[in-house]
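To keep things clear, I will list the structure first and then write my remarks on it.
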Amino acid sequence: MSFFRSPINILRTCEKYYIEGRIDRLFILGDFFDIGGFKENWIKFLKLKNEVSPNIKIMSVIGNHDRYLDGQIFWKSIFGNIVDKNIIYGPTSFVWHYSFKNFHFIGLNLPCGFYNMSFKEIKWLKQELNKIPEDNFTVILSHSFFYSSGYKDITGKWFDNNGNIKKIAPIFYKKADLVVSGHNHYMEWIEQDNLIWVIIGAMGGKPDPTPSFITKGSKWFLKDQFGFFLIEAKEENIHCSFLDQFGNILFSKIIKK
-2 MSFFRSPINI LRTCEKYYIE GRIDRLFILG DFFDIGGFKE NWIKFLKLKN EVSPNIKIMS
58 VIGNHDRYLD GQIFWKSIFG NIVDKNIIYG PTSFVWHYSF KNFHFIGLNL PCGFYNMSFK
118 EIKWLKQELN KIPEDNFTVI LSHSFFYSSG YKDITGKWFD NNGNIKKIAP IFYKKADLVV
178 SGHNHYMEWI EQDNLIWVII GAMGGKPDPT PSFITKGSKW FLKDQFGFFL IEAKEENIHC
238 SFLDQFGNIL FSKIIKK
């Protein structure tokens, strides 16, 4: 959380929405800190959460930085054993299925790429997807992205993750309605392969460089802005909005089931 005020503002805004009954919970897509292996960081996070947003429930998928120096131990202690009748954990606590009314949120173990998902986790994912009625709304959540605009640096390319696209995406192509990922510190709405893909890595990390590559299905893109992504059910439609840290709408679309 490099830009400390923006996570605080986002937590406050989401707490307000929760108290108003507008949202059910907050999903954080990983990378709470640069290095997850420092226990004191997690203690500070929990203290901040209790001070700023004591009521809202938070769930998470694990990010690559969360795992540094065995940080997954601390991540699991907070997010890997939540007691809730609407949460089903898979063969590991890195994958889960949360149900709310006719909504289904499935968290994947993709901190870096497809190779993070074990055979048992993939088998579990297929089983869970097959249980979901076709008229329900299904959201896939991950840290590492599938499609994304991005750039190259000395560590590699930070755009379309072909491994995830080829190895993981086919599992949920016909089941999911929306795929929401982080990793890249942008906001982006992508329409590709008859699916909607969202990039929302904008809670507080240092903004990424201007993209040198624009993914094929990109319909809206924003950088250098902190905020979050809101999903709301209104009558028969799903309203999706990118909001800044104070709740101002930056971009919105309606999905019809």
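So that you can map any letter, position 56 of the sequence shown is 53 in my numbering, and since no number is skipped, the others follow by simple counting.
Glycine included, each C-beta is placed from N, C-alpha and C at the ideal position.
Just measuring C-alpha positions, the residue of K250, E233 and D241 sitting nearest N99 is E233. In the structure shown, E131 falls within a coil segment according to DSSP collapsed to helix, strand and coil. When secondary structure is reduced to three states using DSSP, H62 falls in the helix class. Taken in chain order, the complete alpha helix (DSSP H) segments of 4 or more residues contained in the stretch 108 to 154 are 116 to 128. The C-alpha of A166 is placed about 17 Å away from the C-alpha of S215.
In the DSSP annotation of this structure, the continuous segment of the alpha helix (DSSP H) that includes I168 starts and ends at A166 to F169. By the criterion of a C-beta distance shorter than 6 Å, K220 is surrounded in its chain by Y183 and P204, once the five residues flanking it on both sides are discounted.
Spatial neighbours of S96 in its own chain (CB-CB distance under 6 Å, excluding positions within 5 residues in sequence) are listed in chain order as N83. Shown here, D241 sits in a strand according to DSSP, grouped into three states. Rounded to whole angstroms, the gap between the alpha carbons of T10 and Q242 is 7 Å. With respect to S145, E188 sits apart: the two C-beta atoms are not nearer than 8 Å.
DSSP, reduced to helix, strand and coil, places K163 within a helical segment of the structure shown. At least 8 Å separates the beta-carbon of S90 from that of K117. Each of F1, H236 and H140 was checked against the Cα of I196, and the nearest Cα belongs to H140. Taken through DSSP and simplified to helix, strand or coil, Y15 comes out as helix. The stretch 43 to 101 is shown to contain whole alpha helix (DSSP H) runs of 4 or more residues at 61 to 64 and 69 to 76, in chain order. Given a length threshold of 3 residues, each whole run of the beta strand (DSSP E) inside the stretch 190 to 227 is given here in chain order: 192 to 197 and 215 to 219. As the crow flies, the alpha-carbon of I211 is around 21 Å from that of F225. Between I59 and Q69, the CB-CB gap stays under 8 Å. Apart from the 5 residues on each side of it in sequence, G27 sits with its Cβ closer than 7 Å to the Cβ of S57, V58, I59, G60, D63, P108, H140 and G179 in its chain, given in chain order. The alpha-carbon separation between N6 and V177 amounts to approximately 21 Å.
Looking at the DSSP output, K172 shares a beta bridge with no other residue.
In this structure, G160 lies away from F1, with their beta-carbon atoms at least 8 Å apart.
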